[in-house]
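Using our numbering, you'd call the opening residue of the sequence shown number 24 and step up by one each time. Read the structure below first, then the notes.
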Amino acid sequence: MAFQETSDIPGLNLEDLRLTGFKVHKLSATAAVPVRAGRRDFYKMGLVNGDMTIDYGGQLLEIKGTVLFFVNPKVPHSIVRRVNRTSGYACIFTESFINNRELQDSPLFSIGDNPVVVLNEEQAAFMTGIYQRMVSIYSGDYPYKAGLIRNCIELIIHEALRIQPSQNALPVRNGATRIYHLFVDQLERQFPIERSTEPLKLRTAQDFATDLSVHVNYLNRAVKQVTGKPTSVHIAARIIAEAKALLQHTDWSIADIAYALGFEYPAYFNNYFKRIAGTTPNSFRKV
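See the structure below:
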């Protein structure tokens, strides 16, 4: 299934979104709920009515009826199945737009919590009213509409937390599996390496934990629980696999390959490669 890009959202201008920090719109009858895309700097929350299955960070979520759906920009997500047309509203905003750290770190936007809040008829009517107000404010010319939109976002988040308290008590296996899938997704996004001038950015467990906004000990426990292997072993195996591909299929120098893989000096790369692969890069290239 093709993933919807940000530019496909009706009336959305990426440059305007970066400048204003927010966008509110009504979903067309055929539009998908927020789906996986390359962007990773926008938070999303939607009021969605439909019947569908969403893959959210490796966890399948069933959506039936009217729900609030909160999307952390670091979590890959996509529609797996949609039974009928969806309707509702969506609000997209940047991290800097919501400058309240408490809200940014709320359970609804955390990696470990369920991002779907099921609404009853009364709650759905209340939330619909807020979203309709936001759409009206967004399309109007009130000079301080950003503040009003921010207040509406905060109200929705707090109401959602009141309706559905944090579910961090979900089964440990589910949480570990989700973190593992997010880690693998981040790891694979870095490859293949196509330019020797752009070094690998994520090379250690701490790098990945920081990027995923989790503690490194939590990441290590999750990966070890799911696979039986330390995070560092997975990272090393993928780096060595890429190193072998570059040695075999490019004419880059050893120094260029070392730099592309994030090593400051070729000697560090040589020692790393030999320790894991059992041979030197030069010897491997000559085989």
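The beta-carbon is built from N, C-alpha and C at its ideal position, and this holds for glycine as well.
Around the Cβ of G198, a 10 Å sphere holds 16 or more other Cβ atoms; the residue is buried.
Between I77 and the set R212, V139 and E144, the nearest pair of CA atoms involves V139. DSSP places Q213 outside both helix and strand once states are collapsed to three, so it counts as coil. Taken through DSSP and simplified to helix, strand or coil, Y161 comes out as helix. L242 is positioned such that its CB atom lies no closer than 8 Å to that of T250.
Under the Cβ criterion (8 Å, minimum of three pairs), the stretch 151-161 does not count as touching the stretch 203-216. Residue nearest to Y66 within the set V98, Y282, A147 and L142 is V98 (criterion: CA-CA distance). DSSP, read as helix, strand or coil, puts F45 in strand. Remark: fewer than three beta-carbon pairs, one from each stretch, lie closer than 8 Å, so the stretch 227-245 and the stretch 171-186 are not flagged as touching. Counting C-beta atoms within 10 angstroms of its own C-beta, P188 has fewer than 16 neighbours from the protein chains shown and is therefore classed as exposed. With fewer than 16 neighbouring CB atoms inside 10 Å of its own CB, V106 falls in the exposed class. For the pair F214 and C114, the CB atoms are not nearer than the 8 Å cut-off. Here C114 is bridged, per DSSP, to V47 and M68. K267 carries a helical assignment under DSSP once its states are collapsed to helix, strand and coil.
Partner residues in the beta bridge of T76, as assigned by DSSP, are E85 and R104. V103 and Y79 have their alpha carbons spaced roughly 10 Å apart.
V140 is bridged by DSSP to L91. For S219, the three-state secondary structure derived from DSSP is coil. In this structure R261 touches L210 by the C-beta definition: roughly 6 Å separates them, less than 8 Å. Annotation: the continuous alpha helix (DSSP H) that includes R308 extends over P304 to K309.
I299 and L223 have their alpha carbons spaced roughly 18 Å apart.
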